[in-house]
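For this note's numbering, count along the sequence shown from 1 and bump the result up by 39. From the three backbone atoms N, C-alpha and C, an ideal C-beta is built for every residue, glycine too.
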Amino acid sequence: MSQESGQKDNKVRIPSGDKSTQDSKKGRASKFILNILINGVLPVILLYVLKKYVTTTVALAIAASLPM
Numbered sequence: 040m041s042q043e044s045g046q047k048d049n050k051v052r053i054p055s056g057d058k059s060t061q062d063s064k065k066g067r068a069s070k071f072i073l074n075i076l077i078n079g080v081l082p083v084i085l086l087y088v089l090k091k092y093v094t095t096t097v098a099l100a101i102a103a104s105l106p107m
């Protein structure tokens with residue numbers, strides 16, 4: 040991670056624009072929480088919904104085939 044100017048050593052490069060390091064940490068934390076929600080909660084909700092329409096085995100097979 041080489042940077043062209045010595046002044047910006049304490050900043051983290053973010054593609055979205057110039058934000059302070061604290062903002063990027065907040066963004067990382069919220070992305071992490073979002074990931075947990077998507078990977079942990081969404082399949083459970085999907086399983087619950089799918090169970091109402093199809094058998095548990097099919098629902099499990101569909102949930103297992105989802106990219107996580």
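Taken atom to atom, the span from the alpha-carbon of ARG67 to that of ASN74 is near 10 Å. Contact between LEU86 and ALA100 is ruled out by a C-beta separation of about 11 Å, above the 8 Å threshold. When secondary structure is reduced to three states using DSSP, LEU105 falls in the coil class, being assigned neither helix nor strand.
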